[in-house]
Structures are given as C-alpha cells and as structure tokens.
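Read through the structure below, which is laid out as structure tokens, and then see the notes.
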Amino acid sequence: PLTRPATAGESAGSGPPSPSGRGLVSLSDVWLSHLGRSSFSWLRPHRPLCSILVTLLALGLVPARAQGQESVPPPESTIQLVQPSAAGPAGSTGALITISLQDALERARRNSAQFLAAVTDARNAREDRVQARAALLPTVSNSTQYLGTQGNGVFSSGRYVTNDGVHVYREWAALHQDLSPGAFMRTGYRRASAAEALALAKAEVARRGLDVTVTRDYEALVVSQRKYATAQASLDQARHFLEITRAGERVGQTAHSDEIKAELQFEQQKQGFEEAKLSLESDRLTLAVLLSPALNENFNVVDDLDSPRALPPFPDVQVMAEKQNPDLHAAVESLRAANLDVVAARNGLLPSLTLDVDYGIEANAFALRSRVAADPRLGPQPNLGYFATAVLNVPVWDWGALRSKLHQAEYRRQQAQVELSQTQREAVSNLYTFYNEALVSRGAVESLRHAADLAAESLRLTNLRYQAGESTALEVVDAQNTLTQARNAYDDAEARYRLALANLQTLTGSF
-13 PLTRPATAGE
-3 SAGSGPPSPS
7 GRGLVSLSDV
17 WLSHLGRSSF
27 SWLRPHRPLC
37 SILVTLLALG
47 LVPARAQGQE
57 SVPPPESTIQ
67 LVQPSAAGPA
77 GSTGALITIS
87 LQDALERARR
97 NSAQFLAAVT
107 DARNAREDRV
117 QARAALLPTV
127 SNSTQYLGTQ
137 GNGVFSSGRY
147 VTNDGVHVYR
157 EWAALHQDLS
167 PGAFMRTGYR
177 RASAAEALAL
187 AKAEVARRGL
197 DVTVTRDYEA
207 LVVSQRKYAT
217 AQASLDQARH
227 FLEITRAGER
237 VGQTAHSDEI
247 KAELQFEQQK
257 QGFEEAKLSL
267 ESDRLTLAVL
277 LSPALNENFN
287 VVDDLDSPRA
297 LPPFPDVQVM
307 AEKQNPDLHA
317 AVESLRAANL
327 DVVAARNGLL
337 PSLTLDVDYG
347 IEANAFALRS
357 RVAADPRLGP
367 QPNLGYFATA
377 VLNVPVWDWG
387 ALRSKLHQAE
397 YRRQQAQVEL
407 SQTQREAVSN
417 LYTFYNEALV
427 SRGAVESLRH
437 AADLAAESLR
447 LTNLRYQAGE
457 STALEVVDAQ
467 NTLTQARNAY
477 DDAEARYRLA
487 LANLQTLTGS
497 F
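In my numbering, the protein residues as written are -13 to 497.
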C-alpha cells in the first residue's frame, strides 16, 4: 500500500493533519483511486511516480491553501486629487513666473479640454475632406493569388469545376471607379468641405469663448490684488486713526465715543481685509485651473488695467463683425452642408455606374505563356490580358426608403435656414449690446478714476481737520469708507471695460 508522506505542517505522530495536508492527500488519493479502473490499468506499475506528480501538481495549483493562507482581494483603485501648491509641478520648487494676459491665453489653449476637443473635430473634418476627395478618384490595387485544387485522377481541372486546373495563379492590377451622380457633381467632397469649414468655425467660437473666460478670470485676479492692497491700506489707516483717538483720550483731547467709533472702524476694516484675502486666493485658484495642468499657483499676473486698448468706431466694428463672426460662418456652413445633403439624397434616386478593369494573368502557370490544363494539345498560349466589368445600378423599388431620406434632408435644411436667420438677428443684437457696454464701461472708468482721486484728497483733508479739532470721528470714518469704495469701484470698472472688449471681440475678432 502507498504511504502518505508527512507534510510541512504535520510530523509523524503529531496529531491530526493540517488543512493543507488533508487537501493534498485527498486530491492524490481521489486521483489514484481511478487507477484501479480498467481504462487506467497501464498506469498501475507507476503508482508511486504518479503519486509524486499529483502531489507536486497540487502544490503548484493551490500554493496559498497549501501554506494555510487566505486569499487577499486586490486593493481598490483610488483617485488622488491634485493639491494646490506654490511649488512647481510634481512638488518641485520652481521660480516665480510672471504671466501676462497673452501668456495666460496661450497657456489656457493648451490645457482647455473643450477647446482642444473643438480643434480635434476640425482636424478630423480635414481628414474627412481628404478622404472624400480620394473617393472621387480611381483606385488601383494589386493582388497575387494561388489557387490549389485537389485532383481526382481523371480530369485535368481537378475536383473543383470552377477551376481549369489543379494549379491556378493570379496576378492582377485592378482599377475601380464609381461613376455615380454624386461623383460627377462632387457632392461628397463639397459636403466634407462644408463640414470642415463648420468645424473650423466652431473651433474659432470655442477659442473666443475661452479667451473671454480667461480674460474674466485674469482681470478678476488683478482686481482682487488691488482690492487686497486697498483693504490693507484701509486697515492701516483705521489702525492709525485708532491710535490717534486713544492717544487723544489719554490726554483728554478727544471723547471716548471717538475711540469707540475708531475701534469699530478698525474691526470692520480688519474683516474686510480677511474677505479680500479670501477672494484673492479663490481667484488665484480659479485662474490656476485654466493655466496649469498641475494646478500650480507659482505665478504672478501683470497689472495692466491702467493701459486699456482703444475702442474702434462703430462702423469699423460693424464691418469686422460682418466678416469675422464665427457664429455666422458656422450657421452659413451648416446651411450649405444641409443643401448638399438634399442633393446627395436626390442623387440616390438616379442610376449609378461602377467600372472595374483587371489586367494581369490567371493561368495554370505563373508565366506569360503556358499550356492550358483543360486542353494541353493547343500548346503554350498567352496569359497576360485584361477583362472589364461595368455594372449599371438602377433603383426600381425600395418601399420609399430613398424618398424618406430625401424628406429628412429637406427637414434639416429648413431647420438650418431658421437657425441662420436667428443667428443673424442675435449677432446684430449682440453687436449693439456689447458695443454699448464697452462705451458705458469706458466712460465709467474715467468718472470713477476722478472719484477715487477726490476721495483720497477728501480723506487727507478730513484727517488734517480732525487733528486740528475741526471735524468729528464720524467724518473721518466716512471718508475712509468712501475712499475704499471709490477705489474698489474704479478697479471693477476697469475690469468691466476689459471684459466688455473681450465680449465684443467674440463677434469681431482681435482689434
């Protein structure tokens, strides 16, 4: 009888076998029990060797169970968020860079998924146009084939009656050309060209929309920096005024109510400073999302709000809007593509011609001249030649499917006409709206700049009058708040004018 060997977890006389030992012995004994059957009688002399092989096989198949280990499920996949940092990408310390508005626009175009998707669509449309143009030209291909047929010992053609010999060689150069109404009218190519122009117009719309977004976020960060500086200056002024009132109260020159008013003003300016700091950090993060794939905040922006671009006269803007409006171009190309779809649907109702010309050899030998296996008595015959196939397809009855496709194309054309008309109306309306917004915001910039200068002078004079005892603390606090509001309003007006120009350029292009 075959003796079970002791496993690593079990010694002789050490008690019951381990779970791993029971599994191995059970598998081996079950498998060896089949050796007693008549079909496996030839393995009986090799039972010891078979036992060893089965044991090794079990050790290889179930290594975890043989060691008494539990199977560990794979760890779940996790998504790690990119943490904003002032360091460079991937945690590396990088130099602080200064980014202008033009730099921000270029960086955003490299990182915006929506804009890059529009650019990719335009590139694919260009390849579709190339393919449509190639479809109008004849195609030439070459093929080499060998057809081997099993012989039957009687006929020279073998067992397949479609061949004239057991060995057939083909060397063909094939020319294919579709002579359909669509090919003559180049409908497919013109349709692909219209689709490419439409995709380019949409890409331009996406680019200009991205420029507006970047301009808004960029100028918002510049304004936040200015408001942060204004809040810091206001906090210093409130602190200085609080120190003056406290010193005056100690010597009996000011009332206690002035100190209370100054302290309230200091607390309000302190809270305003914290809010300005929070707004600055939020606007920096918002812009970093557009500019950096690693959410890198290690940059400064250029404050160029004091040097805005001039607003062109309205007639010039109107001419630019008529020539360079991508929304109008997209609507026009959509209508052109819809018209070509109608033409293509009508072409489906007309007959079409397909021409195939093959030139080469098809013979029982790979040679220019050879004997024909079906009649070798005629001697060698020329193999090189051609044959042509012309197929005329005439649509007769299709249960109205082609007519239905024509109706669908006509419906899409009607919708494209309505969309073009609406786009034209919206373009005119947006042109007047954006231009008037730019005019009003430009006037507000000049007015609010003057107001900020007056508020600064008023605060200076009020402080002098208060120190001379000619004004109250309430007047000083009011002058401080007026200056803060005037400076913030001036900064907002400059950013509003820049954004109005960006919105206007979505219709006219750069000027």
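Where a beta carbon is used, it is the ideal one built from N, C-alpha and C, also for glycine.
- Membership of Y175 in the alpha helix (DSSP H) is indicated by the continuous run T173 to R236.
- Put simply, of A438, L406 and R270 the residue whose alpha carbon is nearest the alpha carbon of I85 is R270.
- For the 8 Å CB-CB criterion, L314 and T409 form a contact.
- Close CB contacts of H153 within its chain, under the 6 Å cut and outside five residues either way in sequence, are with N350 (chain order).
- With contact defined as three or more Cβ pairs closer than 8 Å, the stretch 332 to 352 and the stretch 367 to 378 are in contact.
- In the three-state scheme derived from DSSP, where H, G and I count as helix and E and B as strand, N474 is classed as helix.
- Considering only V305, Q453, R357 and L364, the residue with the shortest C-alpha distance to V414 is V305.
- Membership of N286 in the beta strand (DSSP E) is indicated by the continuous run F285 to V287.
- Its Cα nearest to that of S127, the residue A159 stands out among A159, S338, A118 and T458.
- Per DSSP, reduced to three states, the secondary structure at S166 is coil, with no helix or strand assignment.
- The beta carbon of A178 is closer than 7 Å to those of D114, R115 and A118 in its chain, skipping five residues each way along the sequence.
- Under a 10 Å Cβ-count criterion, S220 is classified as buried, with 16 or more other Cβ atoms of the shown protein chains found around its own Cβ.
- The C-alpha of A360 lies about 36 Å from the C-alpha of N379.
- Taking the Cβ atoms as the reference, L335 lies roughly 5 Å from L388, within the contact range of under 8 Å.
- Partner residues in the beta bridge of F373, as assigned by DSSP, are D344.
- Apart from the 5 residues on each side of it in sequence, A169 sits with its Cβ closer than 6 Å to the Cβ of L122 in its chain, given in chain order.
- Between A215 and T231, the C-beta spacing is not below 8 Å.
- Taking a contact to require three or more Cβ pairs closer than 8 Å, the stretch 127 to 146 and the stretch 291 to 300 do not qualify as touching.
- Taken through DSSP and simplified to helix, strand or coil, T125 comes out as strand.
- Under the three-state reduction of DSSP output, R355 falls in the strand class.
- With fewer than 16 other Cβ atoms inside 10 Å of its own Cβ, G365 counts as exposed.
- Assigned with DSSP and collapsed to three states, S338 falls in strand.
- Here the stretch 486 to 494 does not lie against the stretch 446 to 464, with fewer than 3 beta-carbon pairs under 8 Å apart.
- Measuring C-alpha to C-alpha distances from T201 to each of A94, L250 and Q257 identifies A94 as the nearest.
- Taking C-alpha positions only, F259 is separated from Q218 by approximately 6 Å.
- Beta-bridge partners of L378 (DSSP): L339.
- Remark: fewer than three beta-carbon pairs, one from each stretch, lie closer than 8 Å, so the stretch 415 to 428 and the stretch 460 to 473 are not flagged as touching.
- Contact between the stretch 234 to 254 and the stretch 276 to 284 is absent, with fewer than three C-beta pairs closer than 8 Å.
- Per DSSP, the beta-bridge partners of R156 are Q131 and E348.
- Residue V426 holds the alpha-carbon nearest to the alpha-carbon of A481 among V426, Q163, G455 and A465.
- Ranked by Cα distance from L392, the options V329, E432, G429 and P337 are led by V329.
- If you look at T272, you'll find it isn't in any beta strand (DSSP E); it sits in the alpha helix (DSSP H) that goes H242 to L277.
- In chain order, R355 place their CB closer than 6 Å to the CB of P368, counting only its own chain and leaving out the 5 sequence neighbours on each side.
- Between A488 and D197, the CB-CB gap stays under 8 Å.
- The criterion of a C-beta distance shorter than 8 Å is not satisfied by E157 and A111.
- Under DSSP, L161 shares a beta bridge with V126 and V343.
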